[in-house]
Each structure stands twice: as C-alpha cells, then as structure tokens.
Amino acid sequence: MAKNIKNYLATLIIALFVIAPAAYAQDAEKLIDDAKKYYKQGDYYKATDCLSKATKKINTITSEKLVLVLPPAPQGFTISKSTERGEGQEEATLGEGITRKYKSTDVEDAEIEVVIITASSMEAETQETAEPREGQETHISGKKAWLNFNTEEQNGVLEIFLDNARVRVYSSGFDNSNVMVEFAKRIDLSRIESLTK
Amino acid sequence: MGQVMKRFKIFSVFIVIVVFSPVFSAYAQSNEKLIEEGTNFYKSGNYYAASKVFQEVLIEINSLIAKNIDSILPVTYKNLKLGKMPEEEGSQGVFTRSYTSGNEKDEQIIVTIAPASILNNKSAAPDDAGRKAMDVKGRKALLDFNKEYKAGSLEIAIQNGSIYIYAEGFPDSSAIVDFANHLELDKIESFLK
C-alpha cells in the first residue's frame, strides 16, 4: 500500500515537472507570435505587453530547470525552505534568486543556504569581469569564487561566478567554512552554465 | 520670392522624409530581426538566450514608444522649455521629461508617463490618498498641491497608463492643471493601445 502511494507520488511529481514547463512553453509561443503580429501592425505597446509576458514565462521555464540543479539534502541535513520562482513571484524574472535552505540535524541552529542568481543583461558579471569581493579568491570545480568566513561570528558566504549566473552558498552556525565549501562542490555548476547560455 | 520660399519648404519636407524614413524602417527591421532571433533560440530550447534577446527587443520598442510620445509633448510651456530627451530614456517603459527655464531657482514641471504594463497591469486609476479628485479632458485625475512649498502633483489616469505631473515654483495649482490641459491625451493614449 505504502509502496503504491510512493509510486503514485513519484509519477505525479515527474508529471508536474514535465507538464508545467510544456504548458508555459505553449503559452510563451502564442505570446511571441502575437508580439510579432502587433509589432508588424505598428501596435508597439501591445507588442511589448506580449513580449514582456512571454519573457516571464520563458524565465519561469529556466527557473524550474534550475531548481532541479539544487542538491538534495545530504546526510545530517534536512531541507527547511525552498523558493522556486523567486520570493513572492508567480512568474520568475531574470536576476531573481532560486534558493534552498538546509538545516543541520547535528549542529544546533546551523544551516546552509544555496542561492542561484541568474544575471540579467544589465548586471551580467562574468568570471573575467567579476569585481573582487571581501574575502579570499578560490576556485570551486574550476570556477572563480570568493570565500568570506567569519570564525568569530560563525557565518560566511562563498560566491561562485559563472558566465551568466552566480551561486552563493551561505553558512551560519558552523565554526569553519568546510561545510559550506563541501556543499558548493556538490552543485552541478556546468548544468547551471548550460541552462544560462 | 514667395514662390521660392514655398518650393524651399516643400523641398525641406521631402528631404526630411527621405532621410528619416530609412532610419525608422531600419529600427523596425532590426527589431523584427531580433524577435526572429529570440524565437529561434526559444524553439531550439535555449530559453536563457531567448529571454535575453527579448529583453533587448523590449528596451528597443519601449524607447520607440517613448520617442513617439515625446514628439507630441508641447515643446514649451510659457517660459519653460522641454529639455532634450536622453538616449536611454524610456527604455524600461516609464519615462520622465522636464520643462525648465534654465534657471534652477525658477519654476519647473516634470512629466512622467508610465504604461500600465509597468504598473503590473493594475488599474491606471491612481489611489486617492488625501488628494483632490478632478477631471482632466474627461480622465480621472488627482491633485495634490502645497501652497506653502509652492509645489504639487497631478496624476492623470489614461487608458493603459498613467501620467504624473510634478510642478514646483508656482504659487498655486492653476499652472499644473493648465499644463495638463495642454497635453494631447488622446494622442498619448493612441501610443499605448
């Protein structure tokens, strides 16, 4: 009985991840076609309205794919909070964070938060152009990163730069940066890069 | 002499049409090309690239709408002159234009036009928080003027958008209301349809 319920739930979850983006894609396609039509007619306002809505739907597809990149909770952690489309947003826009918080089951009040931020065209900072941050420069899976950890306050952040995205791993309640770095190494950075090309 | 002047005028109009038609046409073509490029990215599953291209197109079309609206704003109002529109103005949808006399201490009027898409498609009717409701050319408007500070605002709800006028250096609200009545609201609305 329990196995049947598990199978049913697994099928449902898979179906949701397949059907939802497909529905968004259909909507977006119609909106793009409408935008083209309005633009050709000289109805610029209507064209921008359709294009703006289409862009939001397209960003939602990207966001939903990026959510799948967030690592599952490793041993000693539980997922405490996950935001899939940007805080309080029905549809995602570029530049919003996709976050997941992991609460430690071993260390009291300790948690790790992973945030994926897709850079908008206005604020794109590539690996080459990224301004130095506070802390020390390091590399995670071959990507440039800045590690800033305050041992006294037991918190810190590791910021990894990809060409069109940034990944931040925040740590609080741990007495060193090792957990944060280990978390960062578990993130599939090349998948994030391929989704934000 | 009169005949020569008339011919010169016709010739000038002809030159303007010949010079500017290809400019606008090039604008339209490049945007159409970009939309096509974004569509191709989208169809091939490169959603991020598609989104970036469409954002670029949105900036271009918004700038085009802003330029169109700017072209029908009064060039002067009494002793105030409309300044030159900065290149990037309007690219995000909303745009602001200023009327000044050139002397910072004098009166000034600032007009901000925001399409409904910027207002998240909410009703363009402004909130009446302590403001005086009035009518400007048949549109609902709200006036807020402080005689002590010689400054105030008038927000007009237009179809698919809102016009916010701020004025300072005037003894009362008559100038801001008069300025609003100088605006071609029908034409502004036609660019936001």
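In order, the protein sequence lines correspond to chains R and S.
The first sequence: position 116 = 116 (the working numbering), numbered continuously.
One gets the working numbering by counting positions in the second sequence from 1 and adding 1000 to each.
From the three backbone atoms N, C-alpha and C, an ideal C-beta is built for every residue, glycine too.
Source: prediction; values computed, not measured.
Let me see if you follow: with CB-CB separation under 8 Å, is S:Thr1039 close to chain R or not?
Yes, S:Thr1039 lies at the interface with chain R (some Cβ there is under 8 Å from its Cβ).
Between which two residues does the beta strand (DSSP E) holding R:Thr62 run?
Taken as a continuous stretch (DSSP letters only), R:Thr62 belongs to no beta strand (DSSP E), being part of the alpha helix (DSSP H) at 44-67.
Please state if the CB of R:Arg166 and the CB of R:Trp146 are separated by a distance shorter than 8 Å.
No, Cβ-Cβ distance for R:Trp146 and R:Arg166 is not below 8 Å.
In terms of DSSP beta bridges, what is S:Glu1155 paired with?
Its beta-bridge partners are S:Leu1142, S:Tyr1164.
Among S:Asp1172, S:Lys1147, S:Ser1071, S:Lys1132, which one has its Cα closest to the Cα of S:Ile1156?
Answer by Cα proximity: S:Lys1132.
Let me see if you follow: with CB-CB separation under 8 Å, is S:Leu1143 close to chain R or not?
No, because no Cβ of chain R sits closer than 8 Å to the Cβ of S:Leu1143.
Give me the residue from R:Asn176, R:Glu193, R:Asp175, R:Gly173 with the minimum Cα distance to R:Ile160.
Out of R:Asn176, R:Glu193, R:Asp175, R:Gly173, R:Glu193 has the C-alpha closest to the C-alpha of R:Ile160.
Alpha carbon to alpha carbon, how far is S:Asp1135 from R:Thr62?
If you take the alpha carbons of S:Asp1135 and R:Thr62, they lie about 46 Å apart.
Under a three-way DSSP split, which group does S:Lys1193 fall into?
Of the three classes helix, strand and coil, the one that applies to S:Lys1193 here is coil, per DSSP.
Does any residue of chain S bring its CB to less than 8 Å from the CB of R:Leu195?
Yes, R:Leu195 counts as interfacial toward chain S.
Would you say R:Thr206 and R:Leu162 are within 8 Å of each other, going by their C-beta atoms?
Missing from the structure shown is residue 206 of chain R; chain R here goes from 1 to 197 and no further.
Whose C-beta lies closer than 7 Å to the C-beta of S:Ser1123 among residues of the same chain, with five residues either side of it excluded?
Caution applies to S:Ser1123, whose pLDDT of 48 falls short of 50 and renders its modelled position unreliable; the value that the coordinates give is listed next. Within the same chain, S:Ser1123 has no close Cβ partners at all.
What does R:His139 pair with, by DSSP beta-bridge criteria?
For R:His139, which the question treats as bridged, DSSP gives the partners R:Lys144.
Which residues bound the alpha helix (DSSP H) around S:Gln1108?
No alpha helix (DSSP H) contains S:Gln1108, which is instead part of the beta strand (DSSP E) from 1108-1115.
Does DSSP put S:Ile1176 in a helix, a strand or coil?
DSSP places S:Ile1176 in helix when its eight states are reduced to three.
Using only the alpha-carbon positions, how far apart do S:Asn1040 and R:Lys53 sit?
Going by the C-alpha atoms only, they are around 18 Å apart.
Below 8 Å between beta carbons: does that hold for R:Cys50 and R:Leu31?
It is a contact, given that the beta carbons lie within the stated cut-off.
Quick one: which chain B residues come within Cβ less than 9 Å of S:Glu1087?
The structure shown contains no chain B; its protein chains are R and S.
Hey, could you find the ends of the beta strand (DSSP E) R:Ser172 is sitting in?
Looking at the DSSP string, the run of the beta strand (DSSP E) that includes R:Ser172 is 165-172.
Check this for me: beta carbons of S:Ile1163 and S:Ser1153, under 8 Å apart or not?
No.
Nearest chain R C-beta to S:Lys1122 closer than 8 Å, yes or no?
Any reading at S:Lys1122 must be qualified, since the residue scores a pLDDT of 47, below 50, and its modelled position is unreliable; the value itself is stated next. So, not an interface residue.
When we look at the beta-carbon of R:Ala143 and count the other beta-carbons within 10 Å, is it buried (16 or more) or exposed?
What sits at residue 143 of chain R in the sequence shown is Lys, not Ala. Buried.
Give a yes or no on whether the minimum CB-CB distance between R:Ala54 and chain S is below 8 Å.
Yes, its Cβ sits closer than 8 Å to a Cβ of chain S.
By how many angstroms is the C-alpha of R:Gln136 removed from the C-alpha of S:Ala1049?
When rounded, the distance between both Cα atoms is 32 Å.
For the segment 28-55 of chain R, which residues have a CB atom closer than 8 Å to at least one CB atom of chain S, in sequence order?
Listed in sequence order: Ala28, Glu29, Ile32, Ala35, Lys36, Tyr39, Lys40, Asp43, Tyr44, Tyr45, Lys46, Ala47, Thr48, Asp49, Leu51, Ser52, Ala54, Thr55.
Quick one: give me the first and last residue of the beta strand (DSSP E) that S:Ser1098 is part of.
Its beta strand (DSSP E) spans residues 1095-1100.
When the Cα atoms are used, what is the spatial distance from R:Tyr170 to R:Ile112?
In a straight line, the C-alpha of R:Tyr170 is about 6 Å away from that of R:Ile112.
Any beta carbon of chain S sitting closer than 8 Å to that of R:Thr105?
Cβ-Cβ to chain S under 8 Å: no for R:Thr105.
Taking the straight line between their C-alpha atoms, what separation do you get for R:Phe174 and R:Ile187?
Going by the C-alpha atoms only, they are around 20 Å apart.
What are the boundary residues of the alpha helix (DSSP H) that includes S:Asp1070?
Per DSSP, S:Asp1070 belongs to the alpha helix (DSSP H) from 1047-1070.
Would you verify that the beta carbon of S:Leu1183 is, or is not, closer than 8 Å to some beta carbon of chain R?
Judged by the 8 Å Cβ criterion, S:Leu1183 is not in contact with chain R.
Straight-line CA distance for R:Val114 to R:Lys101?
In a straight line, the C-alpha of R:Val114 is about 6 Å away from that of R:Lys101.
If we define contact as Cβ-Cβ less than 8 Å, is S:Val1094 a contact residue for chain R?
Chain R, which has no Cβ nearer than 8 Å to the Cβ of S:Val1094, makes this no.
Just to confirm my understanding: we take S:Gly1102, look at its own chain, exclude 5 residues before and 5 after, and list those with CB closer than 8 Å. What are they?
Contacts found: Lys1081.
Any idea what DSSP makes of R:Val107, helix, strand or coil?
It is coil, neither helix nor strand.
State the DSSP-derived secondary structure class of S:Glu1037, mapped to helix, strand or coil.
Helix.
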